[in-house]
Amino acid sequence: MKLGNRLQLIASKIEKGSTVVDIGTDHAHLPIYLVNKGLSKKVIATEILSGPFEKAWKNIKKFGCQNYIDLRLGSGLKPIKPGEGDIAVIAGMGAINIVQIISESRETADSFKKLILQPMRNQAKLREFLLTAGYQIIDEDVTMEANKFYEVIVAKKGIRKAFDEIDILVGPVLRNKKSSVIYEYINYRIRKLENIIRGLEISQSGKKLILEQKKHLDALKEVIR
Ligand SMILES: C[S@@+](CC[C@H](N)C(=O)[O-])C[C@H]1O[C@@H](n2cnc3c(N)ncnc32)[C@H](O)[C@@H]1O
């Protein structure tokens, strides 16, 4: 099983020997990779829909991983008991869905050594939730696959600390991390936001909205200055 850059980045954040819980496993590519590479002795994978569940089961059998991957049908962390895994991965979904999954199972979510989260959109909303709810963001990264950027956020239960707008918009770790892909990603976001602001100005949208977007733009520019 060869992973794309997005799942590979997630796998790189998993310490060897960890029991991993993969929420919304779909094709079960990550669990199969972790078991076949000897990175995990056991993975618990959950899936909410029967179609992907069947697909996951077929792949697990195809790669001979039945004894190492425990596939469970159900929503979010509900099929998992507190303490059943070391690391939870919630990847390939919108941030709103990820926030809901964590919020409705706080005891289980807080029992992991870390949560590896890969939101497809609304990343700032996920950071705001994590930082407000007392999670510490311990690592962040960006990768590119098929011409799209993907963010990975690693969090663990901690104590609530002060945070600012750049922590939410860019991330407390990402804002200080230097790499060419992060630089490209921030520049991409700056260009996108400049286009949005131009559009808002042309359509004479509300001043408050334009000012808010300009503040976001300044925050992004500040990070790569
Ligand atoms: C786009 S796929 C991502 C698959 C894989 N995690 C990855 O990152 O490549 C999202 C999967 O999450 C599942 N899903 C969405 N919400 C879920 C929930 N609350 N609980 C479990 N699975 C969920 C979907 O059915 C789908 O199979």
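With positions in the sequence shown counted from 1, the corresponding number in this note's numbering is that position plus 63. Backbone N, C-alpha and C define an ideal beta-carbon position, used for all residues, glycine too.
Query raised in the report: Is the beta carbon of ALA282 less than 7 Å from the beta carbon of ILE231?
Result: Position 219 of the sequence shown, counted from the start, is the residue given in the question as residue 282. Position 168 of the sequence shown, counted from the start, is the residue given in the question as residue 231. One thing to note: ALA282 has its Cβ no nearer than 7 Å to the Cβ of ILE231.
Query raised in the report: Regarding LEU136 and ligand 1, is the C-beta to nearest heavy atom distance less than 6 Å?
Result: Residue numbering aside, residue 136 sits at position 73 when the sequence shown is read from its first letter. Every heavy atom of ligand 1 is 6 Å or more from the Cβ of LEU136, so no.
Query raised in the report: Measuring from the CB of GLU170, is there a heavy atom of ligand 1 at a distance below 6 Å?
Result: Here residue 170 is taken as the residue at index 107 of the sequence shown, counted from 1. Flag unset: Cβ of GLU170 not near ligand 1.
Query raised in the report: Which term fits GLU170, buried or exposed, when burial requires 16 or more other beta carbons within 10 angstroms of its beta carbon?
Result: On the sequence shown, position 107 is the one that residue 170 refers to. Exposed.
Requested in this report: Kindly examine ligand 1 and report whether one of its heavy atoms sits closer than 6 Å to the Cβ of GLU117.
Outcome: In the sequence shown, counting from the first residue as 1, residue 117 sits at position 54. Result no, Cβ not under 6 Å from ligand 1.
Query raised in the report: What does a CB cutoff of less than 8 Å around GLN129 pick up in its chain, not counting 5 residues either side in sequence?
Result: The residue given as residue 129 occupies position 66 in the sequence shown. Hits under 8 Å: ILE123.
Requested in this report: Determine the direct distance from the alpha carbon of ILE245 to that of TYR213, and round the result to whole angstroms.
Outcome: Residue 213 sits at position 150 when you count from the first residue of the sequence shown. Residue 245 sits at position 182 when you count from the first residue of the sequence shown. Their backbone Cα atoms lie some 10 Å apart in a straight line.
**Report entry** One or two residues paired with ASP204 in a DSSP bridge
**Finding:** The sequence position of residue 204 within the sequence shown is 141, counting from 1. DSSP lists VAL215 as the beta-bridge partner residues of ASP204.
Report task. Compare the Cα-Cα distances from ASP202 to each of LYS211, PRO94, ILE222, LYS177 and report the closest residue. Result -> On the sequence shown, position 139 is the one that residue 202 refers to. Looking at the Cα atoms, LYS177 is the closest of the given residues.
Query raised in the report: Does DSSP put PRO145 in a helix, in a strand, or in coil?
Result: In the sequence shown, the residue the question calls residue 145 occupies position 82. Reduced to three states, the DSSP call for PRO145 is coil.
Report task. Counting only runs of 4+ residues fully inside the stretch 93–150, write out the alpha helix (DSSP H) ranges in chain order. Result -> Listed in chain order, the complete alpha helix (DSSP H) runs (minimum 4 residues) inside the stretch 93–150 are 113–125.
Query raised in the report: Anyone know if the C-beta pair for VAL162 and LYS76 falls short of 7 Å?
Result: What you label residue 162 is simply residue 99 of the sequence shown in a count that begins at 1. What you label residue 76 is simply residue 13 of the sequence shown in a count that begins at 1. Contact annotation: VAL162 and LYS76 have beta-carbon atoms that are not nearer than 7 Å.
Query raised in the report: Leaving out five residues before and five after ILE260 in sequence, what residues of the same chain have Cβ atoms less than 7 Å from its Cβ?
Result: The residue given as residue 260 occupies position 197 in the sequence shown. Non-local beta-carbon contacts of ILE260 in its own chain, meaning distances under 7 Å to residues more than five positions away in sequence, involve ILE273, GLN276, LYS277, LEU280 in chain order.
Report task. Can you have a look at ARG190 and say buried or exposed, based on whether 16 or more other CB atoms are within 10 angstroms of its CB? Result -> The residue given as residue 190 occupies position 127 in the sequence shown. Counting C-beta atoms within 10 angstroms of its own C-beta, ARG190 has 16 or more neighbours from the protein chains shown and is therefore classed as buried.
Query raised in the report: Using the C-alpha atoms, what's the distance from LYS270 back to LYS121?
Result: Position 58 of the sequence shown holds residue 121. Position 207 of the sequence shown holds residue 270. A direct Cα-Cα distance of roughly 54 Å separates LYS121 from LYS270.
Report task. Out of SER166, GLU208, GLU110, ASP204, state which residue places its alpha-carbon closest to the alpha-carbon of VAL233. Result -> Within the sequence shown, residue 233 is the residue found at index 170, counting from 1. If we check each option's Cα against that of VAL233, ASP204 comes out closest.
Query raised in the report: Comparing the CB of ASP89 with every heavy atom of ligand 1, is any distance shorter than 6 Å?
Result: Numbered from its first residue, the sequence shown carries residue 89 at position 26. Yes, the beta carbon of ASP89 sits closer than 6 Å to at least one heavy atom of ligand 1.
Query raised in the report: What residue from ASN250, GLY87, GLY197, SER243 has the CA that sits closest to ALA151's CA?
Result: Position 88 of the sequence shown, counted from the start, is the residue given in the question as residue 151. Of the listed residues, the one whose Cα sits closest to ALA151 is GLY87.
Query raised in the report: Closer than 6 Å: is that where the CB of ILE77 sits relative to any heavy atom of ligand 2?
Result: As presented, the structure is devoid of ligand 2, carrying ligand 1 as its sole ligands.
Report task. Over the uninterrupted beta strand (DSSP E) stretch that includes LYS177, give me the two end residues. Result -> Translated into positions along the sequence shown, residue 177 becomes position 114. Residues 177–182.
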